Ligand code: NAI
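Numbering (this note's numbering), first residue to last: 286 to 527.
Listed below in structure tokens is the structure:
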């Protein structure tokens, strides 16, 4: 057990989730990163978190598996005894035009990007209600706010996450729990590395793609400093969609 506050970040071994983990560790949090695949990346992230003075470990479980999630959350409680910040960040894309979109690709994206937020938030909210404090940040996307051709599955999942954010914010405010979402634009990570984004900078008012760190700063703000903010969707997209 520890006096420090605890953050749980799904999909935290790389990309945006990793940047959020490091930012919260710098702010004095102990951090648990969940991940599914790459043991090496997870070990590297944990090492970097420890260098920042955080107690940290990686929790390998599939966020689409309710039982595995419950066991993972129970392990956090056994180790640290509380959860102060939850970042529902794990996500995938299976892009394609709707006319050709298979049920498999539809379901994979809804399960990983939306249903997972239910599976993880469900036990965590119970813990936060007992604590009478907590902050949940859901990683949405501008696709969930405005829709994106070729991403009907992803846009639906992220829009669902935004609806969940607003409903939970209303339900949980009286228990001292705030729930917000971040909607990133184009961020340089493994998720976007194969997209043809040549020339996209010209359409972004701030004239550059985002870095994972840009999102992490917004997450830290919503987690730590936004005491009077709940139910909001913070767009972090360089002004791409105004
Ligand atoms: P990424 O592909 O680098 O990271 C995704 C993470 O989610 C990985 O750590 C992966 O292991 C994890 N993950 C995937 N399926 C999982 C599962 N079933 N169980 C546990 N973990 C799982 O992508 P990136 O860019 O860091 O994305 C993070 C979040 O940000 C995602 O929700 C994504 O939709 C969102 N986002 C990203 C944008 C971008 O431009 N990169 C734009 C808007 C939103």
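Where a beta carbon is used, it is the ideal one built from N, C-alpha and C, also for glycine. Since this is a predicted model, take the numbers as computed values, not measurements.
- prompt: Quick one: Cα of residue 522 to Cα of residue 348, how far?
  reply: Residue numbering aside, residue 522 sits at position 237 when the chain shown is read from its first letter. Residue numbering aside, residue 348 sits at position 63 when the chain shown is read from its first letter. Residue 522 and residue 348: Cα-Cα distance of roughly 26 Å.
task: Return the chain-ordered list of same chain residues with a C-beta closer than 6 Å to the C-beta of residue 414, the five sequence neighbours on each side being excluded.
output: Locating residue 414 in the chain shown gives position 129, counting from the first residue. Around residue 414: 460.
- request: For the alpha helix (DSSP H) holding residue 513, just list the boundary residues, first then last.
  value: Taking the first residue of the chain shown as position 1, residue 513 is located at position 228. Segment: none, residue 513 is in no alpha helix (DSSP H) and carries neither H nor E.
Reference residue 358; option with closest CA among 291, 323 and 440: Position 73 of the chain shown holds residue 358. Closest by alpha carbon: 291.
query: If you count every other CB in all the chains shown that lies within 10 Å of the CB of residue 431, and 16 or more means buried, which is it?
result: Locating residue 431 in the chain shown gives position 146, where the first residue counts as 1. Exposed.
field: Every unbroken beta strand (DSSP E) within the segment 350-418, with a cutoff of 3 residues, ordered by chain
entry: 370-373
- request: Please confirm whether any heavy atom of the ligand NAI lies closer than 7 Å to the CB of residue 306.
  value: Mapped onto the chain shown, residue 306 falls at position 21. It does not: the Cβ of residue 306 is nowhere closer than 7 Å to a heavy atom of the ligand NAI.
task: Evaluate the contact criterion for the segment 501-515 versus the segment 375-383: three or more CB pairs, one atom per stretch, below 8 Å.
output: Result no; under three Cβ-Cβ pairs closer than 8 Å.
message: If you reduce the DSSP assignment to three classes, tell me which class residue 343 lands in.
response: By one-based count along the chain shown, residue 343 stands at place 58. Residue 343: strand per DSSP, three-state reduction.
message: So, with DSSP's three-state summary, where would you put residue 319?
response: Here residue 319 is taken as the residue at index 34 of the chain shown, counted from 1. DSSP places residue 319 in strand when its eight states are reduced to three.
- prompt: From 351, 372, 381 and 342, pick the residue whose C-alpha is nearest to that of residue 363; which is it?
  reply: Here residue 363 refers to the residue found at position 78 when the chain shown is read from its first residue. Comparing Cα positions, the closest option is 342.
message: With the cut-off set at 8 Å, would you say residue 470 and residue 427 are in Cβ contact?
response: One-based indexing of the chain shown puts residue 470 at position 185. One-based indexing of the chain shown puts residue 427 at position 142. Against a cut-off of 8 Å, the Cβ pair of residue 427 and residue 470 comes out as a contact.
query: Which partner residues does residue 480 have in the DSSP bridge list?
result: One-based indexing of the chain shown puts residue 480 at position 195. For residue 480, which the question treats as bridged, DSSP gives no partner whatsoever.
task: Confirm the yes/no value for this check: CB of residue 314, any heavy atom of the ligand NAI, distance under 7 Å.
output: Within the chain shown, numbered from 1, the residue matching residue 314 stands at position 29. Incorrect: residue 314 has no Cβ contact closer than 7 Å to the ligand NAI.
query: Secondary structure at residue 448, three-state DSSP: helix, strand or coil?
result: Walking along the chain shown from the start, residue 448 turns up at place 163. Helix at residue 448.
query: Quick one: what does DSSP say residue 294 is sitting in, helix, strand or coil?
result: Start at 1 with the first residue of the chain shown, and residue 294 comes out as number 9. Looking at residue 294 - three-state DSSP - the assignment turns out to be strand.
- request: From the DSSP output, in three-state form, read off residue 436 for me.
  value: In the chain shown, counting from the first residue as 1, residue 436 sits at position 151. In the three-state reduction of the DSSP assignment, residue 436 falls in the coil class, being assigned neither a helical nor a strand state.
- prompt: Within the present structure, is the beta-carbon of residue 422 separated from the nearest heavy atom of the ligand NAI by less than 7 Å?
  reply: For the purposes of this step, residue 422 is identified with residue 137 of the chain shown, where counting begins at 1. Incorrect: residue 422 has no Cβ contact closer than 7 Å to the ligand NAI.
task: Decide if the segment 432-442 is in contact with the segment 391-408; the criterion is three or more beta carbon pairs, one per stretch, under 8 Å apart.
output: Yes: the two stretches touch, three or more of their Cβ pairs being nearer than 8 Å.
query: For residue 503 versus residue 519, is the C-beta spacing smaller than 8 Å?
result: For the purposes of this step, residue 503 is identified with residue 218 of the chain shown, where counting begins at 1. For the purposes of this step, residue 519 is identified with residue 234 of the chain shown, where counting begins at 1. Yes. Within cutoff.
Status (buried if at least 16 other CB within 10 Å, exposed otherwise) for residue 443: Numbered from 1 along the chain shown, position 158 holds the residue referred to as residue 443. By the neighbour-count rule (16 or more Cβ atoms within 10 Å), residue 443 is buried.
task: Please check the pair residue 462 and residue 419, which I expect to be a contact at CB under 8 Å, by giving their CB distance rounded to whole angstroms.
output: Position 177 of the chain shown, counted from the first residue, corresponds to residue 462. Position 134 of the chain shown, counted from the first residue, corresponds to residue 419. Right, the Cβ-Cβ distance comes to about 5 Å (below 8 Å), so this counts as a contact.
task: Determine the contact status of residue 410 and residue 457, defining contact as a CB-CB distance below 8 Å.
output: Position 125 of the chain shown, counted from the start, is the residue given in the question as residue 410. Position 172 of the chain shown, counted from the start, is the residue given in the question as residue 457. Yes. Within cutoff.
query: Can residue 433 be considered in contact with the ligand NAI, in the sense that its beta carbon sits closer than 7 Å to one or more heavy atoms?
result: Residue 433 sits at position 148 when you count from the first residue of the chain shown. No, the ligand NAI has no heavy atom inside 7 Å of this Cβ.
task: Compare the beta carbon distance of residue 315 and residue 332 with 8 Å and say whether it is the shorter of the two.
output: Numbered from 1 along the chain shown, position 30 holds the residue referred to as residue 315. Numbered from 1 along the chain shown, position 47 holds the residue referred to as residue 332. No.
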